[in-house]
Amino acid sequence: MKRKYVIISIISVVSFLLIWQFICDYAKLFPSYVLPSPTKVLITFIKKFTNKSPDGATLLQNLFASLEIALSGFALGAIIGVPLGIAMAWYKKVDLIVKPLFDLLRPIPPIAWIPIMILWLGIGTTAKASIIFVSSFIPCVLNSYSGIKQTNNVHLWVGKTFGATNFELLRKIAIPTALPYIFTGLRVSLGTSWVSLVAAEMLASTRGLGYMIQIGRVVARTDVIIVGMLTIGGVGALLAFILQKIENNYIKGK
Amino acid sequence: MEKLKLEVRHNFIVIEYALIAIVGFLGIWYLTTTFTNIGKLVPNPIQVLTFFFRSFVVPIGGNTIQEHALISLGRVLIGYSVGVALGIASGIGMARSMLFEAIFKPLFEVIRPIPTIAWIPLAILWFGIGEMPKYFIIFYGAYANVTINTYAAAKSVNPTLLGAARMLGMKEEDLLLHIVLPSSIPQIFAGMQSGLSASWMGVIAAEMVKSNNGIGWVIIMGQESANTVQILAGMLVIAIMGFLMATGMRILEGRLCSWNQKKI
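Chains as they are written, first to last, in this note's numbering: chain A, 31 to 284; chain B, 486 to 749.
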């Protein structure tokens with residue numbers, strides 16, 4: 031029974047590709063700058079490992095340029111965001127002061143920061159890393175915050191009864207409780223980092239996957255765009271997968 | 486009574502601190518921009534607010550700022566409603582029919598991880614520079630999120646409910662409408678929430694890449710003419726609208742699935 035559906039899936043994918051190929055190469059419904067055939071996309075993908083046209087870098091160079099900035103901005107956002115979220119949830123005063131400011135910034139989507147960052151910091155790495163920072167910072171704060179708030183009061187009372195200091199309560203009880211939430215925050219952050227990086231590269235950059243698809247549009251190389259989109263999607267899924275694996279190894283008793 | 490008083494007192498403290506924080510923030514912003522060199526790069530809050538209020542009557546480009554905001558909102562409404570409707574349909578379809586799932590799930594899985602924004606260049610090449618590419622981007626943002634959430638929800642409908650309905654003689658096609666859909670509503674809403682923010686982000690990005698009106702255009706024009714005041718005023722509008730949309734969705738959710746409210 032299960033086998034039958036696997037076969038149907040394979041037939042579905044294969045026929046999708048065949049119809050696509052047929053439309054492009056034989057029926058010629060669309061010119062190739064509108065929709066390149068799947069074989070052409072595949073060839074472009076393989077060629078792009080060595081070929082620098084049209085955007086001046088190979089696929090791997092673009093990929094690493096993007097990854098470098100996305101990951102460094104993400105790390106910065108996590109390093110500042112997670113402790114801030116924890117502090118906001120644990121210390122009443124911090125919460126009262128920071129929360130209103132944070133609520134003001136929160137509804138601004140990360141990509142809306144792009145113009146102002148570019149104007150202030152130029153189109154280099156700093157501007158992009160700052161945009162990524164803003165976009166990864168917010169989910170980190172939100173999730174760590176709600177994670178700490180989930181701490182069971184009974185656990186805290188037990189800790190207090192046994193004479194734990196406030197900081198010990200935080201470190202030994204609240205943070206372990208919040209870990210799954212913190213990891214969710216990290217995963218969401220990584221996703222938004224990757225997305226905003228692509229947007230930032232599309233608007234102002236000279237390197238990276240976003241830049242590659244943007245140039246693909248300008249010179250009407252749809253095959254390059256599709257290769258870029260699939261790479262962006264694939265790498266995004268891979269990053270999420272890696273983080274999920276780390277989470278599964280690290281968090282016990284979920 | 487005593488409890489009520491405590492609550493009022495608590496709210497009062499929250500508001501008090503919020504005011505201190507915001508006034509303090511604006512004060513520091515104002516002082517640093519007025520008395521240091523940062524002022525050359527960063528406008529002070531009074532300039533931003535003045536620009537914000539003035540742009541309600543003085544147009545930026547061809548439209549006033551509220552018109553730009555409404556233009557963006559109108560685009561979102563069109564693309565979003567189509568995306569949500571189709572997303573719910575395909576999510577339920579994939580979850581409840583093995584054949585449908587076998588055919589479309591693999592294709593969907595390839596497309597799903599591609600971020601909304603990465604579709605912009607292709608959408609512009611396919612649909613030109615008019616309204617269509619924007620609708621498409623917004624549609625995709627909503628569709629991908631709603632589909633995946635609806636699918637997950639409809640896949641995990643409580644089998645006891647389905648069994649009970651079947652035993653009482655409900656027809657298969659009625660099951661979808663009366664059991665599967667209602668029990669999936671909370672998660673569909675979660676998908677609609679994330680879909681709305683993806684759509685909203687998508688429309689701003691699309692307007693930033695290629696457009697001649699809309700709120701995304703306002704901030705990108707600010708960048709091109711090095712007009713920081715305009716960018717910050719635009720961001721303020723974006724923040725207000727984002728906040729209103731999220732709140733609106735939450736109220737709607739509260740109305741539609743009051744039986745499922747999480748107790749906090």
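Where is the CB? At the ideal position from N, CA and C, for every residue including glycine.
Just so you know, these numbers come straight off a predicted model, no measurement behind them.
Within 9 Å of any Cβ in chain B, is that where the Cβ of W143 of chain A sits? The residue you call residue 143 of chain A lines up with position 113 of the first sequence. Chain B contact via Cβ: present.
Along chain B, which residues have their Cβ under 8 Å away from the Cβ of G264 of chain A? As a first step, residue 264 of chain A must be located in the first sequence, where it is residue number 234. P598, listed in chain order.
Delimiting residues of the alpha helix (DSSP H) encompassing I545 of chain B: What you label residue 545 of chain B is simply residue 60 of the second sequence in a count that begins at 1. Run containing I545 of chain B: none; DSSP gives neither H nor E here.
V36 of chain A at chain B interface by Cβ criterion, 9 Å: The residue labelled residue 36 of chain A in the question sits at position 6 within the first sequence. Yes, V36 of chain A counts as interfacial toward chain B.
Which two residues bound the contiguous alpha helix (DSSP H) that contains C54 of chain A? Within the first sequence, the letter at position 24 stands for residue 54 of chain A. From DSSP, C54 of chain A is part of no alpha helix (DSSP H); its letter is neither H nor E.
Report yes if the CB atom of I110 of chain A is closer than 9 Å to the CB atom of F46 of chain A, and no otherwise. Here residue 110 of chain A refers to the residue found at position 80 of the first sequence. Here residue 46 of chain A refers to the residue found at position 16 of the first sequence. No, these two residues do not count as a Cβ contact at 9 Å.
Drop a sphere of 10 angstroms on the beta-carbon of Q244 of chain A, count the other beta-carbons inside from all chains shown, and report buried for 16 or more, exposed for fewer. Along the first sequence, read from residue 1 onward, the residue named residue 244 of chain A stands at position 214. Here Q244 of chain A is buried: its Cβ has 16 or more other Cβ atoms, across all protein chains shown, within 10 Å.
Can you give me the start and stop residues for the alpha helix (DSSP H) that G572 of chain B sits inside? For the purposes of this step, residue 572 of chain B is taken as residue 87 along the second sequence, with counting starting at 1. From DSSP, the alpha helix (DSSP H) with G572 of chain B extends over I550 to R581.
CB-CB length for I609 of chain B against P618 of chain B, believed under 8 Å: As a first step, residue 609 of chain B is located in the second sequence; it is residue number 124 there, counting from the start. As a first step, residue 618 of chain B is located in the second sequence; it is residue number 133 there, counting from the start. With 8 Å as the limit, I609 of chain B and P618 of chain B qualify as a contact, their Cβ atoms being about 5 Å apart.
Of all Cβ atoms in chain B, is any one closer than 9 Å to the Cβ of G189 of chain A? As a working note, residue 189 of chain A is residue 159 in the first sequence. For G189 of chain A, the answer is no, since every Cβ of chain B falls outside 9 Å of its Cβ.
Any chain B beta carbon closer than 9 Å to M118 of chain A: Your numbering for residue 118 of chain A matches position 88 in the first sequence. No - not a single Cβ of chain B is within 9 Å of the one on M118 of chain A.
Rounded C-alpha distance that separates H185 of chain A from M118 of chain A: Here residue 185 of chain A is taken as the residue at index 155 of the first sequence, counted from 1. Here residue 118 of chain A is taken as the residue at index 88 of the first sequence, counted from 1. So the alpha carbons of these two residues sit roughly 20 Å apart.
Which residue marks the beginning of the alpha helix (DSSP H) containing S160 of chain A, and which one marks its end? Your numbering for residue 160 of chain A matches position 130 in the first sequence. From DSSP, the alpha helix (DSSP H) with S160 of chain A extends over T155 to K179.
Does the Cβ of I704 of chain B have 16 or more other Cβ atoms within 10 Å, making it buried, or fewer, making it exposed? On the second sequence, residue 704 of chain B is found 219 positions in, with the first residue counted as 1. So I704 of chain B ends up on the buried side.
Of all the CB atoms in chain A, is at least one closer than 9 Å to the CB of L661 of chain B? Locating residue 661 of chain B in the second sequence gives position 176, where the first residue counts as 1. Closer than 9 Å: no.
What separation, rounded to the nearest whole angstrom, lies between the Cα atoms of I725 of chain B and G115 of chain A? As a position in the second sequence, residue 725 of chain B is number 240, starting the count at 1. As a position in the first sequence, residue 115 of chain A is number 85, starting the count at 1. Looking at the two C-alpha atoms, the distance is approximately 23 Å.
Where do the N-terminal and C-terminal ends of the alpha helix (DSSP H) with M655 of chain B fall, by residue? Within the second sequence, numbered from 1, the residue matching residue 655 of chain B stands at position 170. Run containing M655 of chain B: none; DSSP gives neither H nor E here.
Within 10 angstroms of its Cβ, does W187 of chain A collect 16 or more other Cβ (buried), or is it exposed? Within the first sequence, the letter at position 157 stands for residue 187 of chain A. Under this definition W187 of chain A is an exposed residue.
Run through DSSP, which three-state label would F624 of chain B get? Indexing the second sequence from 1 puts residue 624 of chain B at position 139. It is helical.
Name the residues in the stretch 680-700 of chain B whose C-beta lies less than 8 Å from a C-beta of chain A; which are they? S682, W685, M686, I689, A690, M693 and V694
Is the CB of C742 of chain B under 9 Å away from at least one CB in chain A? Here the question's residue 742 of chain B lines up with position 257 in the second sequence. Not closer than 9 Å to any Cβ of chain A, the Cβ of C742 of chain B fails to qualify, so no.
Exposed or buried, which one is V44 of chain A when buried takes at least 16 other CB atoms within 10 Å? Along the first sequence, one-based indexing puts residue 44 of chain A at 14. Under this definition V44 of chain A is an exposed residue.
Which full runs of the alpha helix (DSSP H) of 4+ residues lie inside the stretch 111-159 of chain A, going along the chain? 122-135 and 144-151
Using the beta-carbon of each residue, which ones in chain B are nearer than 9 Å to G177 of chain A? For the purposes of this step, residue 177 of chain A is taken as the residue at position 147 of the first sequence. Ordered by position in chain B, no residue passes the 9 Å Cβ test against G177 of chain A, which lies about 14 Å from the chain.
In angstroms, rounded to a whole number, what distance separates the CA positions of I138 of chain A and I716 of chain B? By 1-based counting over the first sequence, the position of residue 138 of chain A is 108. By 1-based counting over the second sequence, the position of residue 716 of chain B is 231. Approximately 12 Å, taken between the alpha carbons.
Got a sec: which bits of the stretch 720-733 of chain B sit with their beta carbon under 7 Å from any beta carbon on chain A, in order along the chain? M720, I723, A724, G727, F728 and A731
At which residues does the alpha helix (DSSP H) containing Y63 of chain A begin and terminate? As a position in the first sequence, residue 63 of chain A is number 33, starting the count at 1. Element bounds for Y63 of chain A: n/a, residue is neither H nor E.
From the DSSP output, in three-state form, read off I749 of chain B for me. As a working note, residue 749 of chain B is residue 264 in the second sequence. Low local confidence applies: a pLDDT of 38 at I749 of chain B is under 50, so the model's placement there is unreliable, and no value is given.
Can you tell me whether D659 of chain B is buried or exposed? The criterion is at least 16 other CB atoms within 10 Å of its CB, across all chains shown. Counting from one through the second sequence, the residue named residue 659 of chain B turns up at place 174. Its Cβ having fewer than 16 others within 10 Å, D659 of chain B is exposed.
DSSP state of P644 of chain B mapped onto helix, strand, coil: Looking up residue 644 of chain B in the second sequence gives position 159. It is helical.
List the endpoints of the continuous alpha helix (DSSP H) containing F728 of chain B. Looking up residue 728 of chain B in the second sequence gives position 243. Per DSSP, F728 of chain B belongs to the alpha helix (DSSP H) from T713 to L741.
Contact check, A603 of chain B vs M259 of chain A under 8 Å by CB: the rounded distance? In the second sequence, counting from the first residue as 1, residue 603 of chain B sits at position 118. In the first sequence, counting from the first residue as 1, residue 259 of chain A sits at position 229. The pair is a contact, with the Cβ atoms about 5 Å apart (cut-off 8 Å).
Kindly confirm or deny that the stretch 675-692 of chain B and the stretch 632-641 of chain B touch, where touching means at least three C-beta pairs closer than 8 Å. yes
Beta-carbon proximity of S696 of chain B to G727 of chain B, cut-off 9 Å: Position 211 of the second sequence, counted from the first residue, corresponds to residue 696 of chain B. Position 242 of the second sequence, counted from the first residue, corresponds to residue 727 of chain B. Not a contact, by the Cβ cut-off of 9 Å.
Short of 9 Å Cβ to Cβ, which residues in the stretch 525-543 of chain B face chain A? L526 and V527
From the beta carbon of K129 of chain A, is the nearest beta carbon of chain B less than 9 Å away? On the first sequence, position 99 is the one that residue 129 of chain A refers to. For K129 of chain A, the answer is yes, since a Cβ of chain B falls inside 9 Å of its Cβ.
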